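Undergrad: In UniProt numbering, the protein residues as written are 1 to 128. If you scroll down you'll find the structure; I have some questions about it.
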Amino acid sequence: GIARKLALAGYGVCAMDYPGFGLSDGLHGYIPSFDTLVDDVIEHYSKVKEKPEFCGLPSFLFGQSMGGAVALKMHLKQPSSWDGAVLLAPMCKVFTCQDIDTGEHVYEFGNRLNIVIVVCRLQMICTL
Numbered sequence: 001g002i003a004r005k006l007a008l009a010g011y012g013v014c015a016m017d018y019p020g021f022g023l024s025d026g027l028h029g030y031i032p033s034f035d036t037l038v039d040d041v042i043e044h045y046s047k048v049k050e051k052p053e054f055c056g057l058p059s060f061l062f063g064q065s066m067g068g069a070v071a072l073k074m075h076l077k078q079p080s081s082w083d084g085a086v087l088l089a090p091m092c093k094v095f096t097c098q099d100i101d102t103g104e105h106v107y108e109f110g111n112r113l114n115i116v117i118v119v120c121r122l123q124m125i126c127t128l
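Given below as C-alpha cells:
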C-alpha cells in the first residue's frame with residue numbers, strides 16, 4: 001500500500017490498527033467512542049515521536065476514509081503537533097437513513113435491482 005511505498009522511498013512511517021480493526025483485538029468494527037479512539041491514537045503517536053530517531057523530524061498525518069476523520073480530529077486537537085496532513089477520501093460525516101432524502105424512485109430502483117440479482121443467481125444455479 002501507500003505506507004510501504006513511502007517507507008521504500010526513505011520516509012519514516014508509523015501505522016497502527018485501531019481496536020476492532022485489522023489484526024487488533026476487540027469486537028470487529030465496533031468503536032464505542034470516536035473521541036476516545038482519537039485520544040488513543042494521539043497517545044500512541046506522541047510516544048513514537050519521542051523516540052530519538054524521530055525527534056525533531058517533520059510529522060505528517062495520513063488518513064484514508066475513517067483514518068482521514070481520525071487525522072482531521074487529531075489535527076484539530078493538536079494543530080501545532082503536525083506539519084501537515086494528507087487526506088484521501090476522508091470520512092467527514094456519518095449519515096443516518098433519516099439524513100438522506102432519496103425519493104421514491106431510488107427505492108423503486110433498489111427493489112428492481114434486488115429482483116434482477118436474485119433472478120441472475122437463480123439462472124446461474126439452474127445452469128450449473
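Cβ coordinates follow ideal geometry from the N, Cα and C atoms, glycine included. In this text, all values refer to a predicted model and were calculated from it rather than measured experimentally.
Can you find the residues in the same chain that come closer than 7 Å, C-beta to C-beta, to G26, ignoring five residues on each side of it along the sequence?
TA: As a first step, residue 26 is located in the sequence shown; it is residue number 26 there, counting from the start. The answer, listed in chain order, is P19, G20.
Undergrad: Please specify which runs of the beta strand (DSSP E), each continuous and at least 3 residues long, are wholly inside the UniProt domain "Serine aminopeptidase S33" (2-94), giving them in chain order.
TA: Runs of the beta strand (DSSP E) inside the UniProt domain "Serine aminopeptidase S33" (2-94): 60-64, 84-88.
Undergrad: Count the other C-beta atoms from every protein chain shown that fall within 10 angstroms of the C-beta of V48, then say buried if there are 16 or more, exposed otherwise.
TA: By 1-based counting over the sequence shown, the position of residue 48 is 48. Counting Cβ neighbours within 10 Å, V48 comes out exposed, since fewer than 16 surround it.
Undergrad: Can you give the Cα-Cα distance for C92 and S80, rounded to whole angstroms?
TA: One-based indexing of the sequence shown puts residue 92 at position 92. One-based indexing of the sequence shown puts residue 80 at position 80. Between C92 and S80, the C-alpha separation is close to 21 Å.
Undergrad: Given a cut-off of 8 Å, decide if A71 and G63 are closer than it, judged by their beta-carbon atoms.
TA: Your numbering for residue 63 matches position 63 in the sequence shown. Your numbering for residue 71 matches position 71 in the sequence shown. Taking 8 Å as the Cβ cut-off, G63 and A71 qualify as a contacting pair.
Undergrad: So, using beta-carbon positions, are M16 and V41 closer together than 8 Å?
TA: Here residue 16 corresponds to residue number 16 of the sequence shown, with the count starting at 1. Here residue 41 corresponds to residue number 41 of the sequence shown, with the count starting at 1. Their beta carbons are under 8 Å apart, which means M16 touches V41 by this criterion.
Undergrad: Anyone know if the C-beta pair for L23 and V13 falls short of 8 Å?
TA: As a position in the sequence shown, residue 23 is number 23, starting the count at 1. As a position in the sequence shown, residue 13 is number 13, starting the count at 1. Their beta carbons are not under 8 Å apart, which means L23 does not touch V13 by this criterion.
Undergrad: If V82 sits next to S59, beta carbons under 8 Å apart, how far is it from one beta carbon to the other, in whole angstroms?
TA: Residue 82 sits at position 82 when you count from the first residue of the sequence shown. Residue 59 sits at position 59 when you count from the first residue of the sequence shown. The sequence shown places Trp at residue 82, rather than the Val named in the question. W82 to S59, Cβ: 5 Å. Contact.
Undergrad: Select from A69, C55, E53 the residue whose C-alpha is nearest the C-alpha of D39.
TA: Counting from 1 along the sequence shown, the entry for residue 39 is found at position 39. Measuring from the Cα of D39, the nearest candidate turns out to be A69.
Undergrad: Can you check which of these residues, L88, L76, P90, is closest to D35 by C-alpha distance?
TA: Stepping through the sequence shown from its first residue, residue 35 is reached at position 35. Of the candidates L88, L76, P90, the one whose C-alpha sits nearest the C-alpha of D35 is L76.
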